[in-house]
Amino acid sequence: MNHRSPTLMTSHSERLQADLVIGSRGSALALWQANWAKAQLEAAHPGWSVAIEIIKTTGDKILDVPLAKIGSKGLFTKEIEDALLEGRIDLAVHSLKDLPTVLPTGLTLAAVSEREDVRDALIAAPAITGFASLPEGARVGTSSLRRQAQLRALRPDLKLLDLRGNVDTRLRKLQEGEYDAIVLASAGVTRLGQAAAITERLSLEVMLPAVGQGALGIEIRVADERVAAAVSCLAHAPTWAACRAERTFLAGLGGGCQVPIAANAEIEHDRLRLTGLVAAADGTKLLRNERTGTIAEAEQVGIALAEELLAAGAAELLKF
Numbered sequence: 468m469n470h471r472s473p474t475l476m477t478s479h480s481e482r483l484q485a486d487l488v489i490g491s492r493g494s495a496l497a498l499w500q501a502n503w504a505k506a507q508l509e510a511a512h513p514g515w516s517v518a519i520e521i522i523k524t525t526g527d528k529i530l531d532v533p534l535a536k537i538g539s540k541g542l543f544t545k546e547i548e549d550a551l552l553e554g555r556i557d558l559a560v561h562s563l564k565d566l567p568t569v570l571p572t573g574l575t576l577a578a579v580s581e582r583e584d585v586r587d588a589l590i591a592a593p594a595i596t597g598f599a600s601l602p603e604g605a606r607v608g609t610s611s612l613r614r615q616a617q618l619r620a621l622r623p624d625l626k627l628l629d630l631r632g633n634v635d636t637r638l639r640k641l642q643e644g645e646y647d648a649i650v651l652a653s654a655g656v657t658r659l660g661q662a663a664a665i666t667e668r669l670s671l672e673v674m675l676p677a678v679g680q681g682a683l684g685i686e687i688r689v690a691d692e693r694v695a696a697a698v699s700c701l702a703h704a705p706t707w708a709a710c711r712a713e714r715t716f717l718a719g720l721g722g723g724c725q726v727p728i729a730a731n732a733e734i735e736h737d738r739l740r741l742t743g744l745v746a747a748a749d750g751t752k753l754l755r756n757e758r759t760g761t762i763a764e765a766e767q768v769g770i771a772l773a774e775e776l777l778a779a780g781a782a783e784l785l786k787f
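Counting from 1 along the sequence shown, just add 467 to a position and that's the residue number in my numbering.
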């Protein structure tokens with residue numbers, strides 16, 4: 468039986484010959500994620516061939532400018548989504564936290580994987596044993612406005628420096644003494660086998676994570692029933708419910724991944740608890756609250772929490 472889609476030619480490149488073609492960024496973490504999906508798909512569909520096409524995104528090309536100053540959504544997704552719409556690939560595997568809440572016409576989020584640890588990780592020089600032991604004026608590397616705002620709120624004395632590059636590059640810069648500590652997502656560090664480098668996984672009270680952090684999002688074409696059925700093996704219903712609440716909260720605020728917004732939904736039995744945060748970039752003001760509901764009410768919980776924080780002044784914070 469031939470499972471392959473018709474070969475599609477585009478002005479960019481010829482489609483790879485495989486039953487399924489995954490589009491991925493070329494970083495070690497992105498390739499880990501793509502290869503994880505490939506292994507899962509091949510195990511679920513014996514006899515199918517799954518290929519990976521590496522696609523360079525805008526975010527990968529601009530390495531000398533802080534992410535917050537580039538000022539556009541989809542920095543790490545647009546070129547991959549273009550390839551999906553053109554038919555060069557069948558699915559894209561994203562870090563869900565990089566995927567905008569509004570997708571291009573014709574594309575849909577078909578599955579969300581089971582989550583890794585949602586927390587952020589502090590990785591510090593050997594003399595530093597944790598967040599509490601960061602010396603006054605310590606140089607901390609992070610390019611995330613969300614992390615910067617929460618760090619400034621807790622420790623206005625810290626010197627926050629921009630940090631770009633893949634995980635290995637960031638770890639190397641720390642080892643070379645450019646920073647006293649850096650903050651990364653625990654999930655990515657763990658997936659790359661670098662968990663031993665983590666000094667402390669920051670509690671959710673200290674650092675609320677990005678929307679969708681720790682989960683992978685599988686994006687496909689809306690009308691592609693073959694691929695939709697194929698990728699259903701990658702889905703994890705509890706994680707998807709939690710992430711729906713978080714993404715609806717983010718969409719309700721009108722924010723993207725480059726503004727100081729954080730959220731985390733936790734599920735216990737059929738109950739969902741969503742905690743959300745909106746911060747001033749300088750950390751001088753943080754609005755944080757939570758709402759609960761059933762799993763079936765995930766989106767309503769996200770909308771309600773967004774409306775609550777907007778009424779409390781979040782709209783003013785998001786202007787800056």
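Ideal placement from N, C-alpha and C gives every residue a C-beta, glycine not left out.
DSSP three-state assignment for residue i, whether helix, strand or coil
| i | result |
| --- | --- |
| Thr761 | strand |
| Ala485 | coil |
| Ala696 | helix |
| Asn469 | Annotation note: pLDDT 40 at Asn469 (below 50); position unreliable, coordinate value reported separately. Correct three-state label for Asn469: coil. |
| Val650 | strand |
| Ile770 | helix |
| Ser491 | strand |
| Ser539 | At Ser539, the pLDDT of 49 sits below 50, so the modelled position is not reliable and the matter cannot be decided from this model. |
| Thr596 | coil |
| Thr636 | helix |
| Ala677 | coil |
| Arg658 | helix |
| Glu643 | coil |
| Trp503 | helix |
| Glu509 | helix |
| Glu783 | helix |
| Leu570 | coil |
| Leu701 | helix |
| Leu777 | helix |
| Leu601 | coil |
Residues that DSSP places opposite residue i in a beta bridge
| i | result |
| --- | --- |
| Thr575 | Ile687 |
| His561 | Gly684 |
| Leu754 | Val745 |
| Glu667 | Leu589 |
| Glu520 | Gly490 |
First through last residue of the beta strand (DSSP E) which encompasses residue i
| i | result |
| --- | --- |
| Leu744 | 738-746 |
| Arg714 | Here Arg714 belongs to no beta strand (DSSP E); instead the alpha helix (DSSP H) covers 704-720. |
| Leu628 | 626-628 |
| Ala729 | 728-735 |
| Val607 | 606-608 |
Residue i at chain B interface by Cβ criterion, 8 Å
| i | result |
| --- | --- |
| Leu683 | Here chain B cannot be found, since the structure has a single protein chain. |
Buried or exposed (CB count within 10 angstroms, at least 16 for buried), residue i
| i | result |
| --- | --- |
| Asp749 | exposed |
| Ala410 | The requested residue 410 does not occur in the structure, where the chain is confined to residues 468 to 787. |
| Ser699 | exposed |
| Ser600 | exposed |
| His561 | buried |
| Asp624 | exposed |
| Asp821 | Residue 821 falls outside the range modelled here, since the chain spans only 468 to 787, and no answer is possible. |
| Leu784 | buried |
| Asn731 | buried |
| Glu692 | exposed |
| Ala577 | buried |
| Gln642 | exposed |
| Lys626 | exposed |
| Glu603 | exposed |
| Thr596 | exposed |
| Lys564 | buried |
| Thr715 | buried |
| Ser539 | Here the model assigns Ser539 a pLDDT of 49, short of 50, so the residue's position is not dependable, and the following value carries that caveat. Ser539 is exposed by the Cβ-count criterion. |
| Lys786 | exposed |
| Ala662 | exposed |
For residue i, the first and last residue of its enclosing alpha helix (DSSP H)
| i | result |
| --- | --- |
| Glu548 | 545-553 |
| Ala616 | 612-621 |
Problem set entry | Any 3 or more C-beta pairs closer than 8 Å across the segment 642-661 and the segment 577-586 | These segments touch.
Problem set entry | Any 3 or more C-beta pairs closer than 8 Å across the segment 569-581 and the segment 509-517 | Result no; under three Cβ-Cβ pairs closer than 8 Å.
Exercise. Touching or not, the segment 673-689 and the segment 613-624, by the rule of three or more beta carbon pairs under 8 Å?
Worked result: Enough Cβ pairs lie closer than 8 Å, so yes.
For this session: For the segment 762-773 and the segment 706-715, state whether three or more C-beta atom pairs, one from each stretch, are separated by less than 8 Å.
Result: Contact between the segment 762-773 and the segment 706-715 is present: 3 or more CB-CB pairs across the two stretches fall below 8 Å.
Exercise. Any chance the segment 516-526 sits against the segment 484-502, with 3 or more Cβ pairs inside 8 Å?
Worked result: Under the 8 Å Cβ criterion, the segment 516-526 counts as touching the segment 484-502, having at least three qualifying pairs.
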